[in-house]
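Here the structure comes first, spelled out in structure tokens, and everything after it is commentary.
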Amino acid sequence: DAAAIRATFAGLWSINGGDAVTEKLIKNAIAHPSRFVLKPQLEGGGGNFYGEKMAEKLKSMEKEELGAFILMERIQPLVVENYLLRAMQPPQLANVVSELGVYGYALGDRGMAEVRQGGHLLRTKSEEVDEVIAKECATNPLTTYFIARLGRLVIAPEFREELPLEQLSLTVLFFMNYFERSHQ
Numbered sequence: 503d504a505a506a507i508r509a510t511f512a513g514l515w516s517i518n519g520g521d522a523v524t525e526k527l528i529k530n531a532i533a534h535p536s537r538f539v540l541k542p543q544l545e546g547g548g549g550n551f552y553g554e555k556m557a558e559k560l561k562s563m564e565k566e567e568l569g570a571f572i573l574m575e576r577i578q579p580l581v582v583e584n585y586l587l588r589a590m591q592p593p594q595l596a597n598v599v600s601e602l603g604v605y606g607y608a609l610g611d612r613g614m615a616e617v618r619q620g621g622h623l624l625r626t627k628s629e630e631v632d633e634v635i636a637k638e639c640a641t642n643p644l645t646t647y648f649i650a651r652l653g654r655l656v657i658a659p660e661f662r663e664e665l666p667l668e669q670l671s672l673t674v675l676f677f678m679n680y681f682e683r684s685h686q
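The structure is reproduced here in structure tokens:
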């Protein structure tokens, strides 16, 4: 049911309208800054405003500037205590959150011809980190080369020989070993 799926989405709003609904939304974000994130409409991400910085930015902007941003309901992920494993660093016990990115594509010509899931990336970061930047996550960009096939997680063959072992993070090595053993 589409309504049930939509109920799981975070709110996302254009704030350049200047109408009563937009003004109410902006006032709500200023009053409850921990519930929202202000995002510039730029490629590549980053430059987001969180918490009190978001509230101050909304208060200081002219109406003409609002169109360059969107306001999003902040996702409140489950916080768990776990170890962050990073290459060349000792394990660090921390309160962490994880973010799953699923990547895919759809091709079609006036109708859906093909829909494929191309892969996924699970990032884990400290609870205090707002932006997801590679250096702050306990994953490695090489995890994007992992492909799920027939219930088995394998590294893409074209990268197996080219990657020096020391470039792989402990996290990647752990998952490689786990999935190799559990899916034989």
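Under the numbering used here, the first residue of the sequence shown carries the number 503, and numbering increases by one thereafter.
Glycine included, each C-beta is placed from N, C-alpha and C at the ideal position.
Everything numeric in this text was worked out from a predicted model, so none of it was measured.
Pairs of beta-carbons, one from the stretch 598-607 and one from the stretch 622-634, closer than 8 Å: are there three or more? In short, these stretches touch, since the Cβ pair count reaches three.
inquiry  = According to DSSP, simplified to helix, strand and coil, what is G519?
reply    = coil
Close beta carbons around G548, own chain, < 7 Å, minus the five adjacent residues each side:
E633
8 Å contact criterion, which N518 and L568 should meet: CB distance rounded
5 Å
M556: which of E566, M574, L586 sits nearest, CA to CA? M574
Quick check on R612: buried or exposed, where buried means 16 or more other Cβ atoms within 10 Å of its Cβ? When all chains shown are included, R612 counts as exposed.
> Which partner residues of F538 appear in the DSSP bridge assignment?
Replying inline: E575
Hey, could you find the ends of the beta strand (DSSP E) E583 is sitting in? Looking at the DSSP string, the run of the beta strand (DSSP E) that includes E583 is 582-586.
Assuming contact is defined by CB atoms lying nearer than 8 Å, are P560 and N550 in contact in what I supplied? Contrary to the premise, residue 560 reads as Leu rather than Pro in this sequence. Contact: no.
Going by the beta-carbon positions, is the gap between I572 and L514 smaller than 8 Å? yes
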